[in-house]
Ligand code: IZC
Ligand code: ZN
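In the numbering used here, the protein residues as written are 18 to 454.
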């Protein structure tokens, strides 16, 4: 019953925000056209339409093409109109891996890392994730909603219109569910759409230290069933890492999650080459994430299985770790997505421009591949490739307008946000230039 009530609120709130909008005269309409994940060389074609326009009705894209072809016959009275002359228009960005609901911060750990302590050393000494768990357990729902709202506002200003958010800072029934419920409330109230992932196996909580097996059993028996039956998450994720959860523990948890109807994600081969990539392939996970130490075999497996390789270069940058082998993955036919990994520890950044610059300068990705990774492939990483991630008729009217005439300016304008206008479901939700005509 409760779930149905929650859905109703969501529909009511969001349906009032569906707009009729025309964006015309775009120097480039970067459609990223397609209804499926783009693999390998497909990521290079952004299906750009010069002098482009899109028409959005009731929040849904009805047409995209050359301005002259698209807007004849339109009754201008019924639409808000934006003249995007000299500007590029892209699909709203999809940030498919974040941990944005948390209490407290870890600024002191950042300093420790600068002095040479490693992320795993800090975690082993009881800091890291455990410190955020302590603060998140103490935080009220209202506090987490207020913090989450501010963070979503910032993401939206970077052009992010859909975000994946993980639990994992509770590691107990009450707090894990609190995080997921908070994300549900934020989804209903905020323009950014939120897709939820249960990450109860993010770390071993102090009360289970030395008893990882018992903790996995607790999650499977006491937490997962309610997460699934209350539809509080679509995905289940685990931090599969040396010193956190083993391959066997990960397999056990994820198989159970799958039997409850959740789709699978894995924090795989981030710090050490444990084999999480191969496990993601074996279990048919929708994505394997991080992949700094993914093996050749794992990469070939992902390409064959269509597992999305979600790369998080701002984390590698922040931890001073080597970058994932994006070039090799794309050349071998993988579907690559880019995401921020926004979290209070390993990557306290929701910056999209930083991602673009790191992907192009350090990971050998082209600007085109980077755009595909943050749009259609980001959507594929959360099972939304049929409804968002490109400017195609029938998809949600989610778009960003940048202040420059080409998507090429995004990585080139290093570290600076060039998003001027953000459109969500056909409504302008960010306008930094009051450029509506
Ligand atoms: O809070 O440190 N790697 N999980 C796995 C994280 C980083 C987030 C954190
Ligand atoms: Zn993560």
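Glycine included, every Cβ here is placed at the ideal spot set by N, Cα and C.
Just so it is clear, the structure is predicted and the values come from calculations on it, not from any experiment.
Ligand 1 and residue i: does the residue's C-beta get closer than 7 Å to at least one heavy atom of that ligand?
i, result
"residue 146", "yes"
"residue 256", "yes"
"residue 108", "no"
"residue 149", "yes"
"residue 363", "yes"
"residue 310", "no"
"residue 367", "no"
"residue 497", "With the chain running from 18 to 454 in the structure shown, residue 497 is simply not present."
"residue 207", "no"
"residue 430", "no"
"residue 219", "yes"
Would you grab the beta carbon distance between residue i and residue j for me? Rounded to a whole angstrom, and I think it's under 8 Å.
i, j, result
"residue 250", "residue 213", "4 Å"
"residue 94", "residue 65", "Residue 94 to residue 65, Cβ: 30 Å. No contact."
"residue 327", "residue 304", "5 Å"
"residue 185", "residue 216", "3 Å"
"residue 252", "residue 296", "The pair is not a contact, with the Cβ atoms about 15 Å apart (cut-off 8 Å)."
"residue 220", "residue 256", "7 Å"
"residue 150", "residue 187", "7 Å"
Have a look at the DSSP bridge pairing and note the partners of residue i.
i, result
"residue 108", "416"
"residue 67", "45"
"residue 438", "418, 448"
"residue 182", "213"
"residue 83", "69"
"residue 97", "38"
"residue 383", "BP columns for residue 383 are empty, so no partner."
"residue 283", "305"
"residue 433", "None; residue 433 has no bridge partner."
"residue 251", "Paired residues: none, contrary to the question."
"residue 328", "355"
"residue 77", "74, 413"
"residue 198", "In DSSP, residue 198 forms no bridge with anything."
"residue 257", "262, 285"
"residue 218", "255"
"residue 5", "Absent from the model: residue 5. The displayed extent of the chain is 18 to 454, so no value can be given."
"residue 298", "Answer is none; residue 298 lacks a bridge partner."
Following a CB-centred definition, is residue i positioned closer than 7 Å to any heavy atom of ligand 2?
i, result
"residue 114", "yes"
"residue 415", "no"
"residue 90", "no"
"residue 360", "yes"
Between the C-alpha atoms of residue i and residue j, what's the straight-line distance to the nearest angstrom?
i, j, result
"residue 302", "residue 181", "16 Å"
"residue 423", "residue 191", "47 Å"
"residue 427", "residue 434", "8 Å"
"residue 155", "residue 193", "12 Å"
"residue 108", "residue 176", "9 Å"
"residue 92", "residue 110", "29 Å"
"residue 437", "residue 101", "10 Å"
"residue 441", "residue 229", "42 Å"
"residue 444", "residue 412", "14 Å"
"residue 28", "residue 242", "A caution first: residue 28 carries a pLDDT of 42, below 50, which makes its placement in the model unreliable, though a value can still be read off. Their backbone Cα atoms lie some 25 Å apart in a straight line."
"residue 407", "residue 36", "18 Å"
"residue 5", "residue 306", "No information on residue 5 is available, as it lies outside the stretch 18 to 454 that the chain covers here."
"residue 360", "residue 128", "16 Å"
"residue 232", "residue 70", "53 Å"
"residue 112", "residue 222", "27 Å"
"residue 405", "residue 415", "7 Å"
"residue 268", "residue 343", "26 Å"
"residue 309", "residue 259", "14 Å"
"residue 311", "residue 298", "12 Å"
"residue 246", "residue 277", "8 Å"
"residue 189", "residue 240", "8 Å"
"residue 174", "residue 418", "11 Å"
"residue 147", "residue 38", "46 Å"
"residue 377", "residue 383", "6 Å"
"residue 313", "residue 57", "15 Å"
So is the beta-carbon of residue i under 7 Å away from any non-hydrogen atom of ligand 4?
i, result
"residue 284", "Ligands displayed in this structure: ligand 1 and ligand 2; ligand 4 is not among them."
Which same chain residues end up closer than 7 Å to residue i when comparing Cβ atoms and leaving out the 5 residues on each side of it in sequence?
i, result
"residue 118", "161, 165, 182, 196, 199, 200"
"residue 402", "52, 53, 54, 393, 396"
"residue 345", "316"
"residue 172", "112, 180, 209, 367"
"residue 448", "438"
"residue 76", "35, 36, 413, 414, 442, 443"
Just to confirm my understanding: we take residue i, look at its own chain, exclude 5 residues before and 5 after, and list those with CB closer than 8 Å. What are they?
i, result
"residue 331", "357, 358, 364, 366, 368, 371, 372, 375"
"residue 136", "130, 145, 288, 336, 362, 363"
"residue 454", "With a pLDDT of only 45 at residue 454, under 50, the local geometry of the prediction cannot be trusted, and the value read off the model is given with reservation. Closer than 8 Å at Cβ, skipping near neighbours: 98, 99, 100."
Leaving out five residues before and five after residue i in sequence, what residues of the same chain have Cβ atoms less than 6 Å from its Cβ?
i, result
"residue 80", "72, 87, 410"
"residue 446", "208, 439"
"residue 379", "340"
"residue 224", "none"
"residue 292", "264"
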